[in-house]
Amino acid sequence: MSDQKNSVPEPEELSIGQVMGPLTGFWQTKILLTAAESGLFTELSGSSATAEELSTQLGYRMPGASDFLLALAGLGLLHASEDGTFRNSPAAERYLVRGRPEFIGGYLQFCERELNPAWEGLGTALRTGTPQNPGALEGNPYETLYQDRESTESFLESMDTLNTPLLRRLGEIDWSGYGSFVDIGGARGNVAHHLALRNPHLKGAVFDLPQLEGAFTTHMAALGNDGAVSFHGGDFFAGPLPESDVLIFGHVLHNWGVDERRTLLRKAHDAIRPGGAVIIYDPMVSNSAPPLYATLAALSMLVWSAGGGEYPVSDCHAWLEEAGFHPETVGPEDTPDDVLVIGRKS
Ligand SMILES: C[S@@+](CC[C@H](N)C(=O)[O-])C[C@H]1O[C@@H](n2cnc3c(N)ncnc32)[C@H](O)[C@@H]1O
Numbered sequence: 001m002s003d004q005k006n007s008v009p010e011p012e013e014l015s016i017g018q019v020m021g022p023l024t025g026f027w028q029t030k031i032l033l034t035a036a037e038s039g040l041f042t043e044l045s046g047s048s049a050t051a052e053e054l055s056t057q058l059g060y061r062m063p064g065a066s067d068f069l070l071a072l073a074g075l076g077l078l079h080a081s082e083d084g085t086f087r088n089s090p091a092a093e094r095y096l097v098r099g100r101p102e103f104i105g106g107y108l109q110f111c112e113r114e115l116n117p118a119w120e121g122l123g124t125a126l127r128t129g130t131p132q133n134p135g136a137l138e139g140n141p142y143e144t145l146y147q148d149r150e151s152t153e154s155f156l157e158s159m160d161t162l163n164t165p166l167l168r169r170l171g172e173i174d175w176s177g178y179g180s181f182v183d184i185g186g187a188r189g190n191v192a193h194h195l196a197l198r199n200p201h202l203k204g205a206v207f208d209l210p211q212l213e214g215a216f217t218t219h220m221a222a223l224g225n226d227g228a229v230s231f232h233g234g235d236f237f238a239g240p241l242p243e244s245d246v247l248i249f250g251h252v253l254h255n256w257g258v259d260e261r262r263t264l265l266r267k268a269h270d271a272i273r274p275g276g277a278v279i280i281y282d283p284m285v286s287n288s289a290p291p292l293y294a295t296l297a298a299l300s301m302l303v304w305s306a307g308g309g310e311y312p313v314s315d316c317h318a319w320l321e322e323a324g325f326h327p328e329t330v331g332p333e334d335t336p337d338d339v340l341v342i343g344r345k346s
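Residue 18 in UniProt numbering sits at position 18 of the sequence shown, with consecutive numbering throughout.
Quick look at the structure:
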């Protein structure tokens, strides 16, 4: 037995770090979320301070506070200088300072409040296939989420963090042949606003649950949108989808099971005018070794959503063809980013 073991060649790069890294991932998450919640990065923005000064400001005790700051430096979120002072790293300065355009505080809060508790039940979800988010067990998890104002706000901010990289890619599509679009499940209208801004000839709308109308109106006012995009409240599983040249499903299909995705695409085909198109983006996978982000997103859907998950690009094409579209993948596959697929209607 032991001979057999010894005969297995050990890869040279084998190291316990390959196990310790994922194991301490939870501790790293807690360090990041605790620092963000304390306001440390905002406090430090554009300045530097010693561990003693920061611990006084935050009400922390030494020496724990010093280790905490050094751990943040180890994570690349702070820079520790020789003179004993700390300042934000460029990433922290850009993404973790409240008030900055790319601040991701909403996403941190959404992970902490919504996703991470559901991840606690990963083993159960894997064994049973049942979501671990009570809201998803009752039906549409968004209906439950929107009962809490603060959770709704952090969710909507986090959606915009995740849809921001898509704004440029959606803008690069040739929109000259289309006159209108509706962003189905378009939340508070971030994508719709930027699309309409870049293509003033387009009549844009968002279709989402009626609970989001107030957040949509507030966000449009903050962006200076003068009514170029309208909001239509409704449930996309009840009744037909709004008529348009283009319908967008961004980070929507992965919330639902295969049958619901196929239903939504069939409804989309009914609603889209001849010559129009449906546009889909999700962190899809296209081979047996997808980027880690896509599989983490898939597992987040498993534990949080009502039967959702990420799906192969080829499945997306198949559902589109079944619904009557001619599918085409726009841009790269197998990136840590979303895959963009367009289905054209003859
Ligand atoms: C993951 S978010 C995606 C938001 C946005 N498209 C983006 O890319 O950031 C899913 C959206 O679907 C909406 N939604 C969920 N169920 C819905 C339903 N039955 N009818 C209409 N919208 C729904 C949610 O309110 C939410 O805004």
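In this text, a Cβ means the ideal position worked out from N, Cα and C, and glycines have one as well.
* Measure the C-alpha to C-alpha separation of Pro117 and Gln132 and round it to an integer number of angstroms. => 8 Å
* To do: Measure how close the beta-carbons of Trp304 and Pro165 come, nearest whole angstrom, since I'm counting them as under 8 Å.
  => Not really, about 21 Å apart at Cβ, beyond 8 Å.
* Own chain, CB closer than 8 Å to Ala238, minus 5 neighbours either side, in chain order -> none
* At what residues does the alpha helix (DSSP H) containing Gly343 begin and finish? -> Run containing Gly343: none in the alpha helix (DSSP H); it sits in the beta strand (DSSP E), 339 to 344.
* With DSSP as the reference, label Arg100 as helix, strand or coil. => coil
* **Contacts around Glu13, its chain only, beta-carbon distance under 7 Å, and the 5 residues preceding and following it disregarded** => none
* Going by DSSP, name the residue or residues bridged to Arg87. => His79
* **Span separating the alpha-carbon of Val191 from that of Phe155** => 15 Å
* **7 Å Cβ cutoff met for Phe181 and Ser230** => no
* Asked: Cβ-heavy atom distance between His194 and ligand 1 below 6 Å?
  -> no
* Asked: By how many angstroms is the C-alpha of Leu40 removed from the C-alpha of residue 351?
  -> Since the first and last residues shown for the chain are 1 and 346, residue 351 lies out of range.
* To do: Just the C-alpha distance for Ile248 and Leu77, rounded to the nearest angstrom, thanks.
  => 35 Å
* Asked: Do you know offhand how far Val341's Cα is from Thr29's?
  -> 32 Å
* Determine the closest residue to Cys111 out of Gly177, Thr218, Met159, with distance taken between C-alpha atoms. => Met159
* Does the region 77 to 93 come close enough to the region 42 to 55 that 3 or more CB-CB pairs lie under 8 Å? -> yes
* Could you name the residues of the same chain whose beta carbon sits closer than 8 Å to that of Leu137, not counting the 5 residues immediately before and after it, in chain order? => Thr130, Pro131
* To do: Kindly list the residues whose CB is nearer than 7 Å to the CB of His269, restricted to its own chain and excluding five residues on each side of it in sequence; keep chain order.
  => Ala323, Gly324, Phe325, Lys345
* Who are the near neighbours of Ala277 in its chain, counting only those whose CB is closer than 7 Å to its CB and skipping five residues on each side? -> Val246, Ile342, Gly343, Arg344, Lys345
* **the region 206 to 219 contacting the region 249 to 256, beta-carbon criterion three pairs below 8 Å** => no
* Under 7 Å Cβ to Cβ from Leu108, same chain only, skipping five residues before and after it: list those, please. => Leu33, Ala36
* To do: Look up Glu13 in the DSSP assignment and say whether it is helix, strand or coil.
  => coil
* Would you say Tyr142 touches ligand 1, meaning its beta carbon is less than 6 Å from a heavy atom? -> yes
* **Range of the contiguous alpha helix (DSSP H) that encloses Glu213** => 213 to 223
* **Buried or exposed by the 16-neighbour rule on C-beta atoms within 10 Å, applied to Met284** => buried
* Helix, strand or coil: which one does DSSP assign to Glu328? -> strand
* Can you tell me whether DSSP reads Asp208 as helix, strand or coil? -> strand
* To do: Would you mind sorting Met220 into buried or exposed? The rule is 16 or more other CB atoms within 10 Å of its CB.
  => buried
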